[in-house]
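Worksheet: the structure to be examined is printed underneath.
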C-alpha cells in the first residue's frame, strides 16, 4: 500500500508549521480535524476549491508536520499531529484553533 | 513627521499574522522585541540580511499587525502589538515566542 512521506518529529520546523497554517483553506481543514475524534477522509471536508487544489493544501499540511495522512483503500484519511505539535510548540495549535473558531 | 500605516485592530487577520511569523528573520525580530521593555530601533537588532531586506521584513510584520513602527527623527522604532494580538488571538504570540526560544 502506498505510504505518504511525513517529517519525523525532530524535523518539524516552526516556520513551516506557521506557513502551513497561514492560509484560509488550510485553517478550515485544521479546524475540522481539531473537532474530529478520528481520522477524516478528504471527501468529508467540504472546501470551496477544486479537488487538486484541496490535495495541494493537504500535502502542505502533511509536509509541514501539521497532519498525518494514511491511505485506507483509495481514500486518504487525515488527522492532526496534535501530540507532536503540542510537544514541540506547546499552546500553538490550541491558540490557532481557538482563533479560527472565534473569527468573525 | 512621516507616519506609517498600521492596520486597525479589527483589520488584523489571523492568516496574515501567521504568514508574517512564518519566516526565520521575522521570528528573530519578534523574539528580540518580545524581550524588550521599550521600542527598539531597527539598528539595534542584528539581522544577517541586507538593510533593504530587513526593512522589507519589518514592513511585513507591521502590515500584518504584529508590530508597530514609529519614527523618532530618522530612525524607526519597533514594538510588538502584544495587547492587540493577545486580545485577538489569546496565547498565540506567547506560544510562538516560547517556541522560538526553545528551538534547537
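Protein chains in written order, with our numbering: chain A, 1030 to 1133; chain B, 1030 to 1133. Positions of the beta carbon are idealized from the N, C-alpha and C atoms, including for glycine.
Item                                                                                                                                                                                                                   : Value
Give a yes or no on whether the minimum CB-CB distance between residue 1052 of chain B and chain A is below 9 angstroms.                                                                                               : yes
Is residue 1100 of chain A buried or exposed, if buried means 16 or more other CB atoms sit within 10 Å of its CB?                                                                                                     : exposed
What in chain B is Cβ-close to residue 1043 of chain A, meaning under 8 angstroms?                                                                                                                                     : 1056, 1125, 1128, 1129, 1132
Along the chain, which unbroken stretches of the beta strand (DSSP E) at least 3 residues long are found entirely within the stretch 1062-1117 of chain A?                                                             : 1096-1101, 1104-1109
Answer yes or no: do residue 1021 of chain B and residue 1091 of chain B have a C-beta to C-beta separation smaller than 9 angstroms?                                                                                  : Because chain B spans 1030 through 1133 in this model, residue 1021 of chain B falls outside it and cannot be assessed.
Which value, in whole angstroms, describes the spacing of the CA atoms of residue 1133 of chain B and residue 1058 of chain B?                                                                                         : A caution first: residue 1133 of chain B carries a pLDDT of 48, below 50, which makes its placement in the model too unreliable to give a value.
Please say whether residue 1124 of chain B and residue 1093 of chain B have beta carbons closer to each other than 9 angstroms?                                                                                        : no
Please go through the same chain and pick out, in chain order, the residues whose beta-carbon is closer than 8 angstroms to the beta-carbon of residue 1072 of chain B, but skip the five residues on each side of it. : 1104
Taking the alpha carbon of residue 1117 of chain B as the reference point, which residue from A:1055, A:1127, A:1063, A:1097 has its own alpha carbon closest?                                                         : A:1127
Anything in the stretch 1101-1121 of chain A with a Cβ closer than 8 angstroms to a Cβ of chain B? List those residues in chain order, please.                                                                         : 1117, 1118, 1119, 1120, 1121
Nearest chain A C-beta to residue 1062 of chain B closer than 9 angstroms, yes or no?                                                                                                                                  : no
Are the CB atoms of residue 1062 of chain A and residue 1131 of chain A nearer to each other than 9 angstroms?                                                                                                         : no
According to the neighbour-count rule (16 or more other Cβ atoms, all chains shown, within 10 Å of its Cβ), is residue 1066 of chain A buried or exposed?                                                              : exposed
Would you say residue 1048 of chain A reaches chain B, if we count a Cβ-Cβ gap shorter than 9 angstroms as a contact?                                                                                                  : yes
So residue 1050 of chain B packs on residue 1043 of chain B, CB below 8 angstroms; how close in whole Å?                                                                                                               : At roughly 11 angstroms, the Cβ-Cβ gap does not stay under 8 angstroms, so residue 1050 of chain B and residue 1043 of chain B are not in contact.
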